[in-house]
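S.K.: Sequential numbering from 69 applies to the sequence shown in my numbering.
All C-beta atoms in this analysis are idealised placements derived from N, C-alpha and C, irrespective of residue type, glycine included.
In this text, all values refer to a predicted model and were calculated from it rather than measured experimentally.
One structure is given below, represented as C-alpha cells, and several questions about it will come after.
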Amino acid sequence: MKRYLVFALVGPFVGGFLLLLTTTYQSGYWTQTNWGEVGKLFVVFFKTLQYSYLFGFLPSLMIGAVDDILLHVRRVGPMLRMMLVGLFAFILASLTYSSRGSDSGAVQFILYGLVGFVPAVLSSWFVHRYVEEPQPAAVAS
69 MKRYLVFALV
79 GPFVGGFLLL
89 LTTTYQSGYW
99 TQTNWGEVGK
109 LFVVFFKTLQ
119 YSYLFGFLPS
129 LMIGAVDDIL
139 LHVRRVGPML
149 RMMLVGLFAF
159 ILASLTYSSR
169 GSDSGAVQFI
179 LYGLVGFVPA
189 VLSSWFVHRY
199 VEEPQPAAVA
209 S
C-alpha cells in the first residue's frame with residue numbers, strides 16, 4: 069500500500085512540473101523571457117498543482133501497479149524494474165500528450181515522454197529505497 073502512496077504523491081507533482089516546462093518550451097516562452105519572469109512559472113505551477121493531482125492521480129497509480137507486478141517477477145531486479153516502469157510510462161505519456169500533426173517530431177515525442185519517464189523512475193526508486201519490499205517466495209523443486 070505504501071508503494072501506491074509514493075506513486076500517488078510523487079508522480080503528479082513531478083509530472084505536472086515537467087508537463088508545465090514542456091508546454092512552455094513548446095509554446096516558445098523560453099525564447100522571449102528573462103530570469104525575472106521565471107517566477108511566473110512557479111506561480112502557475114502552484115496554482116495548477118491541484119489539477120496535476122486531479123488528472124495525474126490515476127495514471128500514477130497505474131504505473132505503480134506495473135511496478136508492483138514487476139516486483140513479483142523474480143528475474144527482474146530493482147534497476148531493471150525501474151527502467152521497465154520508466155519505459156512504459158515514457159510510451160504512455162508520449163502517446164497521450166504529443167500531437168500527430170505537422171508540428172510533431174522527435175523533440176516533442178521525447179519531451180512529452182520524459183514527462184512520464186522521470187516521475188515513474190523517481191517513484192520506483194523511492195519505493196525501492198524507502199519502502200520494505202516483500203521478497204518473492206522460492207519455488208520448491
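1. Look up His196 in the DSSP assignment and say whether it is helix, strand or coil.
2. Hey, quick one: how far does the alpha helix (DSSP H) through Arg71 stretch, first residue to last?
3. As a quick exercise: from Pro146, Ser95, Met130 and Ser162, pick the residue whose alpha carbon is nearest that of Trp193.
4. Tell me which residues share the same chain as Val144 and place their Cβ nearer than 6 Å to its Cβ, disregarding the 5 neighbours each side in the sequence.
5. Applying the 10 Å Cβ sphere with the 16-neighbour rule, what's the burial state of Ile95?
6. What would DSSP say about Gln118, mapped onto helix, strand or coil?
7. Taking the Cβ atom as the reference point for each residue, do Ala76 and Ser128 lie within a distance shorter than 9 Å?
8. For Val141, which of helix, strand or coil comes out of DSSP?
9. Provide the residue span of the alpha helix (DSSP H) that contains Arg168, from first to last.
M.R.: Let me spell this out:
1. If DSSP states are grouped into helix, strand and coil, His196 belongs with the helices.
2. Lys70 to Ser95
3. Pro146
4. Leu138
5. The identity of residue 95 in the sequence shown is Ser, whereas the question assumes Ile. That one is exposed.
6. Three-state DSSP puts Gln118 in a helix.
7. yes
8. Of the three classes helix, strand and coil, the one that applies to Val141 here is coil, per DSSP.
9. Careful: Arg168 lies outside any alpha helix (DSSP H) and carries neither H nor E.
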